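*Asks:*
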Amino acid sequence: MIPPAGSGSDSRRGAHGRPWYRSRPTVLSLVVLAIIASMGLVVVSPLALPALDGGGEDWQRIADIAQAYGAVSALLSALAVVGVAASLVLQAREAKAARVQTTRVLHIELTKMAMEKPEFLDCWGGPDSTRTVLLRRQHMYINLVVSHWEMSFEVGEITEQWLAAAADEIFAGEIGRSFWARSRQARLSTAASRRSRRLHEIIDARYQASLGTPPRTEPALADHGIPGVVPPRAGGPE
1 MIPPAGSGSD SRRGAHGRPW YRSRPTVLSL VVLAIIASMG LVVVSPLALP ALDGGGEDWQ
61 RIADIAQAYG AVSALLSALA VVGVAASLVL QAREAKAARV QTTRVLHIEL TKMAMEKPEF
121 LDCWGGPDST RTVLLRRQHM YINLVVSHWE MSFEVGEITE QWLAAAADEI FAGEIGRSFW
181 ARSRQARLST AASRRSRRLH EIIDARYQAS LGTPPRTEPA LADHGIPGVV PPRAGGPE
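If you count by the UniProt record's numbering, then the sequence shown holds residues 1 to 238, one letter each, in order.
(1) Which residues bound the alpha helix (DSSP H) around E169?
(2) Please work out which residues of its chain come closer than 7 Å, Cβ to Cβ, to R136, disregarding the five sequence neighbours upstream and downstream, and give them in chain order.
(3) If you draw a straight line from the alpha carbon of V84 to that of A114, how long is it in whole angstroms?
(4) If contact is defined by three or more beta carbon pairs under 8 Å, each pair taking one atom from either stretch, is the stretch 91-99 in contact with the stretch 138-146?
(5) In angstroms, rounded to a whole number, what distance separates the CA positions of I36 and A78?
(6) By Cβ distance below 6 Å, which residues in the same chain neighbour E218 in space, the five residues on each side in sequence not counted?
(7) Under 8 Å by Cβ, that's how I've got S147 and R177 pegged, so tell me the actual separation to the nearest angstrom.
(8) Please classify H139: is it buried, with 16 or more other beta-carbons within 10 angstroms of its beta-carbon, or exposed?
(9) Write down the C-beta distance between S196 and E160 rounded to the nearest angstrom, noting that I regard them as a contact closer than 8 Å.
(10) Here's the rule: buried if 16 or more other CB atoms are within 10 angstroms of the residue's CB, otherwise exposed. What is S210?
(11) If we count the other Cβ atoms within 10 Å of its Cβ and call it buried at 16 or more, is T111 buried or exposed?
(12) Checking 7 Å against the spacing of the C-beta atoms, do R206 and F179 come in under that value?
(13) Which of the three DSSP states is assigned to K96 in this structure?
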């Protein structure tokens, strides 16, 4: 789901509202550059010691300068170690995100099978006399959307502002509200991480806010068989 216009996205932000300078490839590149620069300074700085001595050959003075440089060298080495550690942490998080993505893909495939074939739909909790087959399919689709938000939010690819705007779109209609009314308690109580709990808190807050206004009831617009063309509503702008 794409947030409505005015949600804060601009050319400096990614598709999900995340500033470009906070993207993981950018951060990892900066860390690598910092490591290379630090190690380069450590390697080449001894070569500059004669220049610091004014071009002379007083090796005792050069030794004194080298001793003074030792603290700086140790600091640069420590920064390099920190950079390596940060790079490893980022790589571990990327690997975890890849594993989660693989699991999500399998979940999506299983859900699609249930949405397409009613005989599989009843395998997900058995027959449900409180919902039509269509409504169950719609709820399963929204569940996939929310699960996608959860994974993206966990790895920092969407912002809280983007999430709130997208949730407002979902809860503008009755289907989104009925889905969250049925699943909110289970999702809120089973969130396994701090980021996941924060995501569900934001979604639930937008759901509670949506209850103050009636859901949209306008019928869907006909597309007249022309892909990508949506006619204006009666009385709306041309």
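Note that the Cβ used here is the ideal one computed from N, Cα and C, for glycine as well. Small disclaimer: the values here were computed from a predicted structure and weren't measured.
*Replies:* On the basis of the supplied data:
(1) Segment 160-170, the alpha helix (DSSP H) holding E169.
(2) Cβ contact annotation for R136 (same chain, cutoff 7 Å, sequence separation greater than five): L121, D128, in chain order.
(3) Cα to Cα, the separation comes out at about 45 Å.
(4) Contact between the stretch 138-146 and the stretch 91-99 is absent, because fewer than three Cβ pairs lie under 8 Å.
(5) Per the coordinates, the alpha-carbon of I36 lies some 13 Å from the alpha-carbon of A78.
(6) Correct list: empty, nothing qualifies.
(7) Between S147 and R177 a beta carbon distance of about 18 Å is seen, past the 8 Å cut, so the two are scored as non-contacting.
(8) Buried, because 16 or more other Cβ atoms sit within 10 Å of the Cβ of H139.
(9) With 8 Å as the limit, S196 and E160 do not qualify as a contact, their Cβ atoms being about 13 Å apart.
(10) When all chains shown are included, S210 counts as buried.
(11) So T111 counts as buried.
(12) Here R206 is not near F179, since their CB atoms are 7 Å or more apart.
(13) In the displayed model, K96 falls within a helix according to three-state DSSP.
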